[in-house]
């Protein structure tokens, strides 16, 4: 039992040592050094980059600086961004639906106004209902006023 445990422990320790980065550099006398930690003042060559070890960033003066990689957004931030995108999409969809309904209503009104204008210009007798509920036929002045009103409405609303 102890032998199996020792074997597993040795394999795990060997894997972590194998996953480390290895650097090589020469000192002033020309001797070559190998290590997992590079010195800050030497020209370093990376022999093997470990999968989990980030490459140390160097500033212009040669000193190590902390990694400047941006952190990934947290789950709460991702959820908030997702909800914001969904709300914006719902608002855009609602606005598009309202615009479509308004456009359809305007098209119907334009068609009705054009039909009324055609009927008025055709010369046939037209009537309207007065406040007593009786039919009253339009005279020439009322007909021309109605035609002018419809033409202005068509010019203004039907482009």
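Numbering (the working numbering), first residue to last: 55 to 213.
All C-beta atoms, glycine included, are put in the ideal place defined by N, C-alpha and C.
A quick note: this is a predicted structure, and the numbers were derived from the prediction, not measured.
**Prompt:** Around the Cβ of residue 92, are there at least 16 other Cβ atoms within 10 angstroms (buried) or fewer (exposed)?
**Reply:** Looking up residue 92 in the chain shown gives position 38. Residue 92 is buried by the Cβ-count criterion.
**Request:** Would you be able to state if there are at least three C-beta pairs under 8 Å between the stretch 187-201 and the stretch 147-157?
**Result:** no
**Beta carbon of residue 211 nearer than 9 Å to that of residue 164** = Residue 211 sits at position 157 when you count from the first residue of the chain shown. Residue 164 sits at position 110 when you count from the first residue of the chain shown. The answer is yes: Cβ separation under 9 Å.
**Message:** Within a Cβ cutoff of 6 Å, which residues of the same chain sit near residue 107, ignoring the five residues on either side of it in sequence?
**Reply:** Within the chain shown, numbered from 1, the residue matching residue 107 stands at position 53. Caution applies to residue 107, whose pLDDT of 48 falls short of 50 and renders its modelled position unreliable; the model cannot decide the point.
**Request:** Using beta-carbon positions only, say whether residue 168 and residue 208 come within less than 9 Å of one another.
**Result:** Here residue 168 refers to the residue found at position 114 of the chain shown. Here residue 208 refers to the residue found at position 154 of the chain shown. Result yes, Cβ atoms of residue 168 and residue 208 sit closer than 9 Å.
**Where the alpha helix (DSSP H) containing residue 152 begins and where it ends** = By one-based count along the chain shown, residue 152 stands at place 98. That run of the alpha helix (DSSP H) goes 129-175.
**Request:** Compare the beta carbon distance of residue 197 and residue 174 with 9 Å and say whether it is the shorter of the two.
**Result:** The residue labelled residue 197 in the question sits at position 143 within the chain shown. The residue labelled residue 174 in the question sits at position 120 within the chain shown. Against a cut-off of 9 Å, the Cβ pair of residue 174 and residue 197 comes out as a contact.
**Request:** Express the C-alpha separation of residue 205 and residue 185 in angstroms, rounding to a whole number.
**Result:** On the chain shown, residue 185 is found 131 positions in, with the first residue counted as 1. On the chain shown, residue 205 is found 151 positions in, with the first residue counted as 1. Straight-line Cα distance between these residues: approximately 26 Å.
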